[in-house]
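Shown next, in structure tokens, is the structure this report addresses.
There are 2 protein chains.
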Amino acid sequence: MVTSPESATDRRVRRTRRALQEALLALMAEKGYDAVTVADLIERADVGRSTFYNHYADKADLLDDCLDGLRAMIGPGPAPDAGRGVPDRLLGFSLPFLRHAGEQRPLARAMTDRAKATPLLGHVERVLVEAIRAELPSGTAGPVPVEAVLHYVAGTFLALLTWWLNDEKTHHTPEQIDQIFRALVTPGLRAVIG
Amino acid sequence: MVTSPESATDRRVRRTRRALQEALLALMAEKGYDAVTVADLIERADVGRSTFYNHYADKADLLDDCLDGLRAMIGPGPAPDAGRGVPDRLLGFSLPFLRHAGEQRPLARAMTDRAKATPLLGHVERVLVEAIRAELPSGTAGPVPVEAVLHYVAGTFLALLTWWLNDEKTHHTPEQIDQIFRALVTPGLRAVIG
DNA sequence: CCATCAATGGACAGCGAGTTCAGCAAGGAG
DNA sequence: CTCCTTGCTGAACTCGCTGTCCATTGATGG
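Chains V and Y, in that order, give the protein sequences. Letter by letter, the first sequence follows residues 1 to 194 of full-length UniProt numbering. Letter by letter, the second sequence follows residues 1 to 194 of full-length UniProt numbering.
Structure, rendered in structure tokens:
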């Protein structure tokens, strides 16, 4: 026993988990989250059934494990691949997030599809709310509660993201969506906080 | 054969459907949509299993049937129980909708719970988008697409509604939420359309 | 080189969806 | 009021998916 930080001591374990994670993401992009069965997963990952349950309690547990990368992208720092210029303006998560979603379009679409009822939207919203809370100036004593503002911004972002991903006709770039997001959300923000 | 407009000719049919609809709503308020099984439904409604499938293809079909009341509330006219004054200002659906949700809190909460992944949010959003489209002045040729604006408003409303229903600490009234909604969304709207 | 630990795979019980059918009861038309 | 249409019944059945168990095999790290 290596007593490493609670993860991946054995190469076999790492291999198995990576295979399962990739299988889930691939299958989600194809069929949507809830259409994916455990039988699908273990077949795609080429892993025994009992092996799956050795690592994860169920499908949702595996999904949680897959979400860590996403959390890392929004969460702390000013986003890894912010690209050009300084992302020191407010709501810095927006553009990197949109770019990443644009690159993984089928997967991102499956994740934000409301009809398919992914529990994922809830997770994403929570992460967003925390990211925004960290960015907003704390001293906001208006008639509008801070929590309401947080959910307002997160809800707007998710609404635009979902619309963009499922829109077949017009083909906007991540940069355009970012502009639209800011154009819509900034006036309301200014009106409420300083 | 009476050839009536495709609905409820026989009293037995009406009785059975009403029983099933009420059962679904009651059970959703208790357990959430996806925890409700067909066995639950027919037991609560006191109806045979095959009877259920005589009327609905599945659970989702029954849910659709339950949603007509909701569509009626938002859809056409300036909302049935608008109450005081003239609701001729923009976004007239907001206050009646919030009042209704406040009266049916447990049910409304179950419907908007993202963790429980109700397909219902998708339906509601679609109805909202159409209602807003009907209200917005059609001539909006800005840099921001009309569709984006529609989803922006609907997304904001749903985000605030969800937050409000699941907020345990602060207890706001429907009127307060309506005010917050307008305070946040109006500046962005004005900035984009005329 | 060896003890450990993960992977295997097949069998199993449990649950929920959706179907079928022969028999029964209630409704509506005349 | 009568009769025939129509909907309800309820139980049994198939099917697919979940989650568990266990004896066995084989790779891994010390």
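Ideal placement from N, C-alpha and C gives every residue a C-beta, glycine not left out.
Rounded straight-line distance, which links the Cα of residue j to that of residue i
i: Y/H123; j: Y/D64; result: 9 Å
i: V/A82; j: V/L95; result: With a pLDDT of only 44 at V/A82, under 50, the local geometry of the prediction cannot be trusted, and the value read off the model is given with reservation. Using only the alpha carbons, I get a separation of about 8 Å.
i: V/L91; j: V/H172; result: 20 Å
i: Y/A26; j: Y/A60; result: 15 Å
i: V/R133; j: Y/P143; result: 29 Å
i: Y/M73; j: Y/A101; result: 11 Å
i: V/E130; j: V/L121; result: 14 Å
i: Y/R49; j: V/L161; result: 41 Å
i: residue 197 of chain Y; j: V/D113; result: Absent from the structure is residue 197 of chain Y, since the part of chain Y shown begins at 1 and ends at 194.
i: V/W163; j: Y/H151; result: 7 Å
i: Y/I193; j: Y/R89; result: 16 Å
i: V/V127; j: V/A159; result: 15 Å
i: V/R15; j: V/E30; result: 23 Å
i: V/K169; j: Y/F181; result: 30 Å
i: Y/D58; j: V/F157; result: 33 Å
Burial state of residue i (16 or more Cβ within 10 Å)
i: Y/E175; result: exposed
i: Y/L104; result: Correcting the residue type first, residue 104 of chain Y is Gln in the shown sequence and not Leu. Looking at its Cβ environment, which holds fewer than 16 other Cβ atoms inside 10 Å, Y/Q104 is exposed.
i: V/P106; result: exposed
i: V/G155; result: buried
i: V/E22; result: exposed
i: Y/V13; result: exposed
i: V/E125; result: buried
i: Y/R17; result: buried
i: V/A45; result: buried
Closest residue to residue i among the options (Cα-Cα distance)
i: V/R99; options: V/I177, V/R17, V/R182 and V/V192; result: V/I177
i: V/A108; options: V/E147, V/N166 and V/L20; result: V/N166
i: Y/T118; options: Y/D34, Y/E22 and Y/R18; result: Y/D34
i: Y/A183; options: V/A148, V/A19, V/L62 and V/V47; result: V/A148
i: Y/A110; options: Y/Y53, Y/A19 and Y/M28; result: Y/M28
i: V/L70; options: V/H55, V/R44, V/A45 and V/F97; result: V/F97
i: V/P137; options: V/R190, V/D58, V/D10 and V/Y56; result: V/R190
i: Y/H55; options: Y/D10, Y/G32 and Y/E30; result: Y/D10
i: Y/P145; options: V/Q179, V/K116 and V/P145; result: V/Q179
i: Y/G32; options: Y/D58, Y/F157 and Y/K116; result: Y/K116
i: V/F93; options: V/A57, V/D58, V/E135 and V/L62; result: V/E135
Residue i Cβ short of 7 Å to the ligand HEM heavy atom set
i: Y/A45; result: With respect to the ligand HEM, the structure offers nothing, as it holds no ligand at all.
Integer-rounded CB distance, given that residue j should sit under 8 Å from residue i
i: Y/L20; j: Y/V38; result: Actually they are not in contact, since the Cβ atoms of Y/L20 and Y/V38 sit about 10 Å apart, beyond 8 Å.
i: V/G188; j: Y/V185; result: 6 Å
i: V/L24; j: V/L41; result: 6 Å
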